[in-house]
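Residue numbers (our numbering), protein chains in the order written: chain A, 6 to 282; chain B, 6 to 282.
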């Protein structure tokens, strides 16, 4: 146990909000290692990751490694190591493993083992298409966060998510409602809502009350900070995890200053966000 | 290139149908290595996998390793090795990597690399919740199969998939229609439909024409062979990949005969299926 939880039932969410308070930041740095860009810097993956983590840790509320990049380059060991490194050197900052897993119960248990036992992540992103019984194997880990896709940031997300149902709701509204009313028995569910869709974000915030939302799509994907905060911020100035990957980690392209450039981009995003809180 | 494709545009589907013809089988053996059960047999994971593959290869049309089990036990190397082993020893039998991946385009490209380059799978299962633009990074690999979740076999799959839309269709029907009309430009899309829902299978078959369907849920999950074939078989007696994992690979529990028991269970399923074709 790397920190003392006030209430084991919502440990991840507590840790997240404590980090938001301590660092006065809603920023989450996404760790998406692009093999070619890192090779061009001429440094090792582990070194690249540790430098980024060290220069930004005082200005974030979470780190979010994207497992697809690690898997494509056979870097399971580096993923294990960087999560362990964050837990040791920056124990106040929780780690969200971005994996978007989804499968039937017996298989989902294996994915939960992958995220929470093997990689020691504090939270994991999951896909709701298969239904609530496939989310339960994650939420039964009461101390962990389970971040369910609701309205994603990509251009084509409306193809299914914005379909209008017979009862007048859209599909993403149903996911938000089911998340609040059915899937959140252990108070450890969060939702993913893209910054690229502030109208849908507003709608989801009204549906889910205080539930924290993970917001990708700021920066390279075009999401606007002001519109995001107006739509999604809670009255207490929290409730959002605003994630940026490429806009921070690739802000610089020189081995001597990429980490400093990332720190500057991270601080800039933190300050831009805070001026609207 | 491990086989000669007649038409590169539908290479996986050709290979699949050639294997169905050659082995007179619609059976796919799911390779879901349960760490405890294999430890109880007292044999190595690679040995367990190779024995199962060798005893069943003459009676199947595909193998389907479930990556979650491998990931939970840090067995990436064994997964790589068994796929390579199948390609070498049983080159007529395609491999479907069951991974149910889904993410925005730039990340989906990494997952496509994971499945097709790193693991050399012939096909991969993917989740449609994020929309067609997140499926394209897989389908652009024209020689590979992309198996999209439509109506899954789990008890709770209806929670979202059977929602009725304003236009009268259900969500899974929309997935089936979009798969046929929008996502299948390269003729390499298939759908997952659970054997546990023959009525929905019948509906989907009518919607998708000749598109091959991967059918989990036979055996341990309770799906019925006769009802599945009546609902989903094409006029040519093909069009289905009927997958069984636990019912075959754990048919025996003794190191001296588990592979033989698996072979018997596989042949039995093949014959049961063929009597209704």
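Note that the Cβ used here is the ideal one computed from N, Cα and C, for glycine as well.
Here the C-alpha atom of residue 210 (chain B) lies approximately 12 Å from the C-alpha atom of residue 243 (chain B).
Taking 8 Å as the threshold, the shortest C-beta distance from residue 109 (chain A) to chain B falls below it. Looking at the backbone, the Cα of residue 157 (chain A) and that of residue 265 (chain B) are separated by about 47 Å.
Of all residues in the region 137 to 170 of chain A, only 137, 138, 139, 154, 157, 158, 159, 160, 161, 162, 163, 164, 165, 166, 168, 169 and 170 place a beta-carbon less than 8 Å from a beta-carbon of chain B. The three-state reading of DSSP puts residue 282 (chain A) in coil, since its state is none of H, G, I, E or B.
Annotated three-state conformation of residue 89 (chain A) is helix, per DSSP. Neighbours of residue 179 (chain A) in chain B, taken as residues whose beta carbon is under 8 Å from its own, are 165 and 168 in chain order. A residue is called buried once 16 or more other Cβ atoms fall within 10 Å of its Cβ, and residue 96 (chain B), having fewer, is exposed. Identification of chain A residues near residue 105 (chain B) by a Cβ-Cβ cut-off of 7 Å yields 107 and 108, ordered along the chain. Within the DSSP secondary-structure output, residue 260 (chain A) pairs in no beta bridge.
Closer than 7 Å at the C-beta level to chain B, one finds these residues of the region 74 to 85 of chain A: 74, 76, 77, 79 and 81.
Chain order gives the chain A residues near residue 116 (chain B) as 73, where near means a beta carbon separation below 7 Å.
Per DSSP, the continuous beta strand (DSSP E) segment holding residue 129 (chain B) begins and ends at 128 to 131. The C-beta distance from residue 113 (chain B) to residue 143 (chain B) rounds to 7 Å, short enough to fall under 8 Å. DSSP places residue 163 (chain B) in the uninterrupted alpha helix (DSSP H) bounded by 163 to 166. In the DSSP assignment, residue 104 (chain A) falls outside any alpha helix (DSSP H) and within the unbroken beta strand (DSSP E) covering 101 to 106. By the neighbour-count criterion, in which a residue is buried when 16 or more other Cβ atoms sit within 10 angstroms of its Cβ, residue 132 (chain B) is buried. Selection A:33, A:59 and A:60 evaluated against residue 71 (chain A) yields A:33 as nearest (Cα-Cα).
For the pair residue 50 (chain A) and residue 86 (chain A), the Cα-to-Cα distance works out to about 11 Å. Taking C-beta atoms as the reference points, residue 187 (chain A) and residue 147 (chain A) fail to come closer than 8 Å. Apart from the 5 residues on each side of it in sequence, residue 110 (chain B) sits with its Cβ closer than 8 Å to the Cβ of 138, 139, 141 and 142 in its chain, given in chain order. Below the 8 Å Cβ cutoff, chain A contributes 165, 168 and 176 as neighbours of residue 176 (chain B), in chain order. Residue-level contact check: residue 208 (chain A) does not touch chain B, since none of the beta carbons of chain B fall below 8 Å from its beta carbon. By the C-beta density criterion, residue 134 (chain B) is buried, having at least 16 other C-beta atoms within 10 angstroms.
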